[in-house]
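S.K.: For reference, the structure I am asking about is given below.
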Amino acid sequence: MIRKTKASSHRNKFWITGAVLVTQNSQRDVLLADIVVDEHGVIIDLPKPRKSSPPRGFKKISAKGLHVLPGFVQTHVHLCQTLFRNTADDLELLDWLRKKIWVYEARHNKFTLRTSALLGIQELLRSGTTCILDMGTVRYTEEIFKAAVETGIRANIGKCLMDHPQNNPPELCESTEAALKEAHALFTKWNGTHGDRIRASYAPRFAISCTETLLQSVAKSARERGAIIHTHASENRTECDLVMRMSGGRSNIEYLSATGICCERAVIAHGVWLSPEEMRILSEKKASITHCPSSNLKLASGVAPVPELLEGGVNVALGADGAPCNNTLDMFHEMRLAATLHKPRRGPTTLPAPEILDLATRNGAKALHWFDQIGSIEIGKKADFVALDLNDIATLPTHPTSLKAVASAIVYAGTASNVAWTMVDGQMCYRRSLSDQSTSARLLKDLQKARNAILRPVSPL
Ligand SMILES: [Zn+2]
Numbered sequence: 015m016i017r018k019t020k021a022s023s024h025r026n027k028f029w030i031t032g033a034v035l036v037t038q039n040s041q042r043d044v045l046l047a048d049i050v051v052d053e054h055g056v057i058i059d060l061p062k063p064r065k066s067s068p069p070r071g072f073k074k075i076s077a078k079g080l081h082v083l084p085g086f087v088q089t090h091v092h093l094c095q096t097l098f099r100n101t102a103d104d105l106e107l108l109d110w111l112r113k114k115i116w117v118y119e120a121r122h123n124k125f126t127l128r129t130s131a132l133l134g135i136q137e138l139l140r141s142g143t144t145c146i147l148d149m150g151t152v153r154y155t156e157e158i159f160k161a162a163v164e165t166g167i168r169a170n171i172g173k174c175l176m177d178h179p180q181n182n183p184p185e186l187c188e189s190t191e192a193a194l195k196e197a198h199a200l201f202t203k204w205n206g207t208h209g210d211r212i213r214a215s216y217a218p219r220f221a222i223s224c225t226e227t228l229l230q231s232v233a234k235s236a237r238e239r240g241a242i243i244h245t246h247a248s249e250n251r252t253e254c255d256l257v258m259r260m261s262g263g264r265s266n267i268e269y270l271s272a273t274g275i276c277c278e279r280a281v282i283a284h285g286v287w288l289s290p291e292e293m294r295i296l297s298e299k300k301a302s303i304t305h306c307p308s309s310n311l312k313l314a315s316g317v318a319p320v321p322e323l324l325e326g327g328v329n330v331a332l333g334a335d336g337a338p339c340n341n342t343l344d345m346f347h348e349m350r351l352a353a354t355l356h357k358p359r360r361g362p363t364t365l366p367a368p369e370i371l372d373l374a375t376r377n378g379a380k381a382l383h384w385f386d387q388i389g390s391i392e393i394g395k396k397a398d399f400v401a402l403d404l405n406d407i408a409t410l411p412t413h414p415t416s417l418k419a420v421a422s423a424i425v426y427a428g429t430a431s432n433v434a435w436t437m438v439d440g441q442m443c444y445r446r447s448l449s450d451q452s453t454s455a456r457l458l459k460d461l462q463k464a465r466n467a468i469l470r471p472v473s474p475l
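The following block contains the structure:
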């Protein structure tokens, strides 16, 4: 069930009771406490559980038996690609882009893009993700902003920038001026709107798809406006070789650093092929890396040096990437893979479950410079929550208030089916119920119609 959001002034004050709170605060407290939220969607108290009814004016939400966490934050997704799920398997990155994804992205119209975004957001909300950084696409990205507003998810969205005349298909290539003009207009119109639930970013696709002039302009504009820069880098070895050739022998991160892109507001997806020097630059510049383990495995890209990045002080968050390279948007898959993938090389104590929960919540919020509002359950922060029912034969924690036991249940055994509800900005956005089916039935009809408009046979661009 996806609900349309109401104006903040009409929201209820409410009192969540009966839950175990996995706060993700600086002490990582797991508490038996209630949550009191005001009419602005802000947490105003975390009192001891109240046996009686809440005070007048507060709506009671019973969360008895549930574990309530800060909602998951995914710092790299492509909502425009949800329609292409299951259509681009068994390819490596550049073939995957050239033979399938860019062809399909070029075919989007407003209806297909809106449908793709709504489908993706429904999947994200029902698997516990409450906040995303989305890369948009070249045309009609405004439809993604509208879908985010309508569904209630917290989102930072950027129009995908592709201006390199030789390295992009003509159908997706814009002039530097046109690309930047639309990105500026979207930023001006959307950034900080809807109670600051919607933000805008600059999203140069990757070094190969952009001219140096565009990268430098993006770095300057983002610095002046305090905007996030969202890009991909060092996902694939052929990509790294191409960047080296076009940048006069520099490595990807050195090049992005020279253009000003690699900075403390940069969120860089992948970072699979990084030299020690590049990891040092990422740390020095305070850039964030989004680890996308499913995508990296499926596109045969490699395994990112996440333990080394974390040891070097780099902020690492998680993302599902797009539906056709994963093929789900479910954060539980990313958490389990991130927790298991690095153990064969670095040993069994690498990235234990509580640390993975940090990547999925606190680190994502930090990457997006949204940690003052989300990423943990604390007084003064926004009511962005996922409530999990772990009382299932497949997940029951050995102790309901031990962080280690609860994190183990969530990261290693949890699935989207444990999600009871998700709330963003004090609004219930998804609740597991029979009405899921009617929303899905409506969207499924549009899915078929939108797919028919896009998934014709492909001749590579
Ligand atoms: Zn991506």
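Numbering (the working numbering), first residue to last: 15 to 475.
For each residue, glycine too, the CB sits at the ideal point set by N, CA and C.
Once DSSP output is grouped into helix, strand and coil, what is the label at arginine 17?
M.R.: In the sequence shown, counting from the first residue as 1, residue 17 sits at position 3. Any answer about arginine 17 is weak, because its pLDDT of 48 lies below 50 and its placement is not dependable; what the coordinates show is given next. The answer is coil: DSSP assigns arginine 17 none of H, G, I, E or B.
S.K.: Who are the Cβ neighbours of threonine 364 in its own chain at under 7 Å, not counting the five residues just before and after it?
M.R.: As a working mapping, residue 364 is identified with position 350 in the sequence shown. Only Pro321, His356, Lys357 meet the Cβ criterion.
S.K.: Can you tell which of Ser315, Lys62, Gly378 has its C-alpha closest to the C-alpha of methionine 345?
M.R.: As a working note, residue 345 is residue 331 in the sequence shown. Per the Cα distances, Gly378.
S.K.: According to DSSP, is tryptophan 384 part of a helix, a strand, or is it coil?
M.R.: In the sequence shown, counting from the first residue as 1, residue 384 sits at position 370. Here tryptophan 384 sits in coil by DSSP.
S.K.: Would you list the residues sitting across from aspartate 372 in a DSSP beta bridge?
M.R.: As a working note, residue 372 is residue 358 in the sequence shown. DSSP lists no partner for aspartate 372.
S.K.: Under 7 Å: does the beta carbon of alanine 283 sit that close to some heavy atom of ligand 1?
M.R.: In the sequence shown, counting from the first residue as 1, residue 283 sits at position 269. Yes, the beta carbon of alanine 283 sits closer than 7 Å to at least one heavy atom of ligand 1.
S.K.: Tell me the DSSP secondary structure of isoleucine 146 in three-state form.
M.R.: Here residue 146 refers to the residue found at position 132 when the sequence shown is read from its first residue. Of the three classes helix, strand and coil, the one that applies to isoleucine 146 here is strand, per DSSP.
S.K.: So, are the CB atoms of aspartate 52 and lysine 27 less than 8 Å apart?
M.R.: Along the sequence shown, one-based indexing puts residue 52 at 38. Along the sequence shown, one-based indexing puts residue 27 at 13. Yes.
S.K.: How should lysine 380 be labelled, buried or exposed, when 16 other C-beta atoms within 10 angstroms of its C-beta is the threshold for buried?
M.R.: One-based indexing of the sequence shown puts residue 380 at position 366. Buried, since its Cβ has 16 or more Cβ neighbours within 10 Å.
S.K.: Just the C-alpha distance for histidine 92 and arginine 64, rounded to the nearest angstrom, thanks.
M.R.: Counting from 1 along the sequence shown, the entry for residue 92 is found at position 78. Counting from 1 along the sequence shown, the entry for residue 64 is found at position 50. Going by the C-alpha atoms only, they are around 42 Å apart.
S.K.: Spatial neighbours of glycine 316 within its chain, please: CB distance less than 7 Å, with the 5 preceding and 5 following residues excluded, ordered by chain position.
M.R.: In the sequence shown, the residue the question calls residue 316 occupies position 302. Taking glycine 316 as the centre and dropping the five residues before and after it, the same chain places the C-beta of Val286, Trp287, Asn310 closer than 7 Å to its C-beta, in chain order.
S.K.: Closer than 6 Å by C-beta to asparagine 466: which residues in its own chain qualify, once you throw out the five before and the five after it? Chain order, please.
M.R.: For the purposes of this step, residue 466 is taken as residue 452 along the sequence shown, with counting starting at 1. Within the same chain, asparagine 466 has no close Cβ partners at all.
S.K.: Is the beta carbon of lysine 160 less than 8 Å from the beta carbon of glutamate 196?
M.R.: Position 146 of the sequence shown holds residue 160. Position 182 of the sequence shown holds residue 196. Contact flag unset, no.
S.K.: Report yes if the C-beta of glycine 336 is less than 7 Å from at least one heavy atom of ligand 1; otherwise report no.
M.R.: Indexing the sequence shown from 1 puts residue 336 at position 322. Within the cutoff, so yes.
S.K.: Do the CB positions of cysteine 94 and serine 67 come within less than 8 Å of each other?
M.R.: Reading the sequence shown from its first residue, position 80 is the one you call residue 94. Reading the sequence shown from its first residue, position 53 is the one you call residue 67. No, they are not a contact pair.
S.K.: Can you tell me whether leucine 175 is helix, strand or coil according to DSSP?
M.R.: Position 161 of the sequence shown, counted from the start, is the residue given in the question as residue 175. Here leucine 175 sits in strand by DSSP.
S.K.: For isoleucine 468, I'd like the list of residues in its chain whose CB is within less than 8 Å of its CB, leaving aside the five on either flank, ordered along the chain.
M.R.: Mapped onto the sequence shown, residue 468 falls at position 454. Counting only Cβ-Cβ distances below 8 Å, and skipping sequence neighbours, we find Leu97, Phe98, Tyr118, Arg121, His122, Thr126.
S.K.: Go ahead and pull the three-state DSSP assignment for arginine 168.
M.R.: Residue 168 sits at position 154 when you count from the first residue of the sequence shown. When DSSP states are grouped into helix, strand and coil, arginine 168 belongs to the strand group.
S.K.: Out of Ala236, Asn181, Leu80, state which residue places its alpha-carbon closest to the alpha-carbon of arginine 259.
M.R.: Here the question's residue 259 lines up with position 245 in the sequence shown. Taking only the C-alpha atoms, the option nearest arginine 259 is Asn181.
S.K.: If I'm right that glycine 209 touches glycine 55 with Cβ under 8 Å, what's the distance once you round it to whole angstroms?
M.R.: Here the question's residue 209 lines up with position 195 in the sequence shown. Here the question's residue 55 lines up with position 41 in the sequence shown. Between glycine 209 and glycine 55 a beta carbon distance of about 7 Å is seen, short of the 8 Å cut, so the two are scored as contacting.
S.K.: For tryptophan 204, which residues in the same chain have their Cβ closer than 6 Å to its Cβ, ignoring the five residues on either side in sequence?
M.R.: On the sequence shown, position 190 is the one that residue 204 refers to. Correct list, in chain order: Phe159, Ile212, Ala214.
S.K.: Comparing alpha-carbon positions, which option in Ile171, Asn170, Ala193, Ala334 lies nearest proline 179?
M.R.: Translated into the one-based positions of the sequence shown, residue 179 becomes position 165. Nearest C-alpha to proline 179: Ala193.
S.K.: In the DSSP assignment, find the unbroken alpha helix (DSSP H) run with threonine 202 in it and report its ends.
M.R.: Here residue 202 refers to the residue found at position 188 of the sequence shown. Unbroken alpha helix (DSSP H) run through threonine 202: 190-204.
S.K.: Which partner residues does serine 416 have in the DSSP bridge list?
M.R.: For the purposes of this step, residue 416 is taken as residue 402 along the sequence shown, with counting starting at 1. In the DSSP output, where bridge partners are listed per residue, serine 416 has none listed.
S.K.: May I ask you to report which of helix, strand or coil DSSP gives glutamine 180?
M.R.: Mapped onto the sequence shown, residue 180 falls at position 166. Three-state result, glutamine 180: coil.
S.K.: Provide the residue span of the alpha helix (DSSP H) that contains threonine 252, from first to last.
M.R.: For the purposes of this step, residue 252 is taken as the residue at position 238 of the sequence shown. Here the alpha helix (DSSP H) through threonine 252 covers 251-260.
S.K.: If we count the other Cβ atoms within 10 Å of its Cβ and call it buried at 16 or more, is lysine 62 buried or exposed?
M.R.: Taking the sequence shown and counting its residues from 1, the one referred to as residue 62 is at position 48. With fewer than 16 Cβ atoms within 10 Å of its Cβ, lysine 62 is classed as exposed.
S.K.: Pick from Leu458, Val420, Arg376: whose alpha carbon is nearest that of glycine 144?
M.R.: As a working mapping, residue 144 is identified with position 130 in the sequence shown. Before going further, note that residue 144 is threonine rather than glycine in the sequence given. Among Leu458, Val420, Arg376, the Cα nearest to that of threonine 144 belongs to Arg376.
S.K.: Which term fits leucine 332, buried or exposed, when burial requires 16 or more other beta carbons within 10 angstroms of its beta carbon?
M.R.: Locating residue 332 in the sequence shown gives position 318, where the first residue counts as 1. Buried, since its Cβ has 16 or more Cβ neighbours within 10 Å.
S.K.: Would you grab the beta carbon distance between valine 50 and histidine 81 for me? Rounded to a whole angstrom, and I think it's under 8 Å.
M.R.: The sequence position of residue 50 within the sequence shown is 36, counting from 1. The sequence position of residue 81 within the sequence shown is 67, counting from 1. Not a contact, Cβ separation roughly 18 Å.
S.K.: Can you give me the C-alpha to C-alpha distance between isoleucine 370 and glutamate 291, rounded to a whole angstrom?
M.R.: If you number the sequence shown from 1, residue 370 lands on position 356. If you number the sequence shown from 1, residue 291 lands on position 277. Cα to Cα, the separation comes out at about 25 Å.
S.K.: For asparagine 100, is the classification buried or exposed, using 16 other Cβ atoms within 10 angstroms of its Cβ as the cut-off for buried?
M.R.: In the sequence shown, the residue the question calls residue 100 occupies position 86. It counts as exposed.
S.K.: Use the C-beta contact count for lysine 20: other C-beta atoms within 10 angstroms, 16 or more gives buried, fewer gives exposed.
M.R.: One-based indexing of the sequence shown puts residue 20 at position 6. Low confidence applies to lysine 20: its pLDDT is 43, below 50, so where it sits in the model is not reliable enough to give any reading.
S.K.: Suppose contacts are defined by Cβ-Cβ distances below 8 Å. Is alanine 430 in contact with arginine 168 by that definition?
M.R.: By one-based count along the sequence shown, residue 430 stands at place 416. By one-based count along the sequence shown, residue 168 stands at place 154. Cβ atoms of alanine 430 and arginine 168: not closer than 8 Å.
S.K.: Starting from threonine 207, trace the alpha helix (DSSP H) both ways and give me its first and last residue.
M.R.: For this step, residue 207 is matched to residue 193 along the sequence shown. Counting along the chain, the alpha helix (DSSP H) containing threonine 207 begins and ends at 207-210.
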